Amino acid sequence: MSLHVAAAFTDRDVRVELDLADGETVAVLGPNGSGKSTLLAAIAGIARPDAGRAVLDGTTLFDVAVGTWMAPHARGTALMAQDPLLFPHLDVLDNVGFGPRSAGATRGAARAVARTWLAEVDATDLADRRTAQLSGGQAQRVAVARALAAKPRLLLLDEPMAALDVTVVPAMRQVLRRVLAGRSAIIVTHDVLDALLLADRVVVMEGGRVVEHGPTRQVLARPRSSFGAGIAGLNQARGVAESGAVRTPAGLLVAGLHDSIDVPEGAAAVAVFSPSAVSVHTERPSGSPRNVFAATVRELEPHGSQVRVQTDEISADVTAPVVAELDLAPGAAVFLAVKASEVAIYAT
Amino acid sequence: MSRPSRSSGLPRWVFVPAAVGALFILLPLVALASQVEWSHFVDLITSESSRSALVLSLRTSAISTVLCLLLGVPMALVLARTSFRGQGALRSLVLLPLVLPPVVGGIALLYTFGRKGLLGETIEVLGLQIAFSTTAVVIAQTFVSLPFLVVSLEGALRTAGEQYEVVASTLGARPTTVLRRVTLPLVLPGLAAGAVLSFARALGEFGATITFAGSLEGVTRTLPLEIYLQRESDPDAAVALSLVLVVVAVLVIALVRGPRREAL
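Protein chains in written order, with our numbering: chain V, 33 to 380; chain R, 123 to 386.
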């Protein structure tokens, strides 16, 4: 299931080229308006590029030069967007069974397929619900099951977690991590965690062009584009899993959201969180955050509109007024806090 | 009304013409009801001529509603889901029977399907005679009621949007499957409202029918025509039959407004 696509939209100034190997998941990162969604729309057949061609596993999806245009329903490219768009007149089971039913399956067979896919996304108990009775996270899991039940050759995910409540994002990410393993998929996202956890390769788009691409870790470790640099520098605490947290060799215990843990006790694991999720305090914060670390400021450097506070193991992004208010300077003793819900833990 | 009425911010004087307008609509209906000879009511509306007019009206209105669905649903789909040169003009043209005096519509139909009409000779060759037949009644009713279905369905289609259809197609559904399993189920309330309005318009059709189909008892004399004729000879029967149409109209409004208000 390999894909080659080259598409240009002149009025939107988008010109992209992308290759996908069999069973590979590629994350397309980039700021809003960089043409990420347009690329997916062209592959799915819901937007016509002005130039270019796309070939999925030997089948030409479109070739503008010779006027080939395959109808969306024949492409085998299920598209899942930010909005789950479950059919309001069907219950959950029939929503998921829509793809098989459209492919000619009987109602009973389609429902049987639907049940297996609902089980795959941990949503078996939702089968008989009306779509209006679902929460955002539940609806999006059902939408994943519906897309997969259609047996797509290529799964297209357009910011599938952008509209979700932050508390359900980690669980959703685990579901996607499971179902995307070994599957040909393109996921458009603005969250670097998605790229790190879900994708084999990363493509960074800016202003309608691909500005950077390569294996996920490589791009995030040594970003060359400005967007790549903006999203790089994630805090990664590597160590072993210990009761829902990661214990680093240096002795830090970093807790993650409980839902996100599918790592066996004692296994090698990494806790990942964004510097912007870390708050800086001069006194030990009281209250809810489960992760509070005493640290010494090593360096302050401008980072976009914010200031990146580097400590030995963890960095934090704060605004300039906060730096002034806390009187931060290299050598200052601080407490760093990060909510467990902002931390993703996964096996390495 | 347990809730206290909100202060609407409207100037008080607005309520006066509004109340006059409401009375203007309500009073004639009260006057009509007050004229009904209740003792003979059942006899009046079940007389031979009344019954045949009522049956003819219901039958032709039902057939023209089906025709409106068969022609109007595709028209609404084309208007709502495609764009082509001259679409705006076509949309205005579809509305024409809505604003055209029905008599003019009847004359236009006569010069289309009548003996000396545009298609008249072709139809005659086929051994058919349309003008002044029950078929003409159906054609006249369909002509005037088609816009009701097209307009309400097109509005419903535009409100529903295309996003669900796009999703359905990426899930592998062919265009016909999308239409049958997604588009039409989603606009079902709009479709039902359009069909009910078309039926009501067909039931009340008078001008185009009498011009194009004439007034032959049992063949083309529908209820409105019967009422118009009875008004001279038997005013009591005319009043009784009028009340029947008022009741039908009230039912239609309840059907169209009732479920929709619940949905909102």
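Yeah, the Cβ is synthetic: ideal placement off N, Cα and C, and Gly gets one too.
These figures come from a predicted structure and were not determined experimentally.
- Close to chain V, meaning a Cβ-Cβ distance shorter than 8 angstroms, are the following residues of the region 281 to 294 of chain R: 285, 286, 288, 289, 290, 291, 292, 293, 294.
- Along the region 124 to 206 of chain R, the alpha helix (DSSP H) occurs as fully enclosed runs of 4 or more residues at 137 to 156, 163 to 167, 170 to 203, listed in sequence order.
- By the rule that beta-carbons nearer than 8 angstroms mark a contact, residue 104/V touches chain R.
- Here the C-alpha atom of residue 312/V lies approximately 59 angstroms from the C-alpha atom of residue 138/V.
- Using a Cβ-Cβ cut-off of 9 angstroms, residue 119/V is close to 286, 289, 290, 303, 304, 307, 308 of chain R, given in chain order.
- For residue 299/R, the nearest beta carbon of chain V is closer than 8 angstroms to its own beta carbon.
- Between the alpha carbons of residue 121/V and residue 331/V lies a gap of roughly 57 angstroms.
- Interface flag for residue 296/R against chain V is set, since a Cβ pair is found closer than 8 angstroms.
- Shown here for residue 255/R: same chain residues with a beta carbon closer than 8 angstroms to its own, the five before and five after excluded, namely 335, 341, 342 in chain order.
- Classified as buried, residue 332/R has 16 or more neighbouring CB atoms from the shown chains inside 10 Å of its CB.
- The alpha-carbon separation between residue 168/R and residue 210/R amounts to approximately 47 angstroms.
- By the CB criterion at 8 angstroms, residue 180/V and residue 152/V fall inside the cutoff.
- Around the beta carbon of residue 172/V, 16 or more other beta carbons sit within 10 angstroms, so the residue counts as buried.
- Using a Cβ-Cβ distance cut-off of 8 angstroms, the region 214 to 231 of chain V and the region 132 to 151 of chain R are not in contact, since fewer than three pairs of beta carbons, one from each stretch, lie closer than that value.
- Residues of chain R whose Cβ lies closer than 8 angstroms to the Cβ of residue 109/V are, in chain order, 292.
- Uninterrupted beta strand (DSSP E) stretches at least 3 residues long and entirely within the region 189 to 248 of chain V occur at 217 to 221, 233 to 238, 241 to 247, given in chain order.
- Nearest to residue 193/R by C-alpha distance, out of 149/R, 245/R, 269/R, 151/R, is 269/R.
- For residue 135/V, the residues of chain R that pass the 7 angstroms Cβ criterion are 294, in the order they occur in the chain.
- Close partners of residue 178/V in chain R (Cβ separation under 9 angstroms): 289, 293.
- With respect to residue 342/V, residue 350/V sits apart: the two C-beta atoms are not nearer than 8 angstroms.
- In this chain, residue 254/R is not harboured by any alpha helix (DSSP H), its DSSP state being neither H nor E.
- Residue nearest to residue 82/V within the set 207/V, 191/V, 159/V, 70/V is 70/V (criterion: CA-CA distance).
- In the structure shown, the three-state DSSP call for residue 334/V is strand.
- With contacts defined as CB atoms closer than 8 angstroms, residue 216/V and residue 54/V qualify as a contacting pair.
- Less than 8 angstroms separates the beta-carbon of residue 60/V from that of residue 218/V.
- Against chain R, the beta carbon of residue 78/V has neighbours under 9 angstroms at 288, 291, 292, listed in chain order.
- For residue 325/V, the nearest beta carbon of chain R is not closer than 8 angstroms to its own beta carbon.
- Proximity of the region 64 to 78 of chain V to the region 95 to 108 of chain V meets the contact definition, three or more beta-carbon pairs being nearer than 8 angstroms.
- In this structure, residue 323/V lies away from residue 251/V, with their beta-carbon atoms at least 8 angstroms apart.
- Excluding five sequence positions before and after residue 328/V, the CB atoms of its chain that fall closer than 8 angstroms to its own CB belong to 343, 344, 363, 364, 365, 366, given in chain order.
- Per DSSP, the continuous alpha helix (DSSP H) segment holding residue 148/V begins and ends at 139 to 152.
- Residue pairing of residue 290/R in beta bridges, as defined by DSSP: absent, with no partner found.
- Within the DSSP bridge table, the entry for residue 378/V names 302/V as partners.
- DSSP lists 39/V as the beta-bridge partner residues of residue 84/V.
- Beta bridge pairing from DSSP links residue 52/V with 35/V.
- When CB distances to chain R are screened at a threshold of 7 angstroms, the residues of the region 128 to 161 of chain V falling below it are 130, 131, 134, 135, in chain order.
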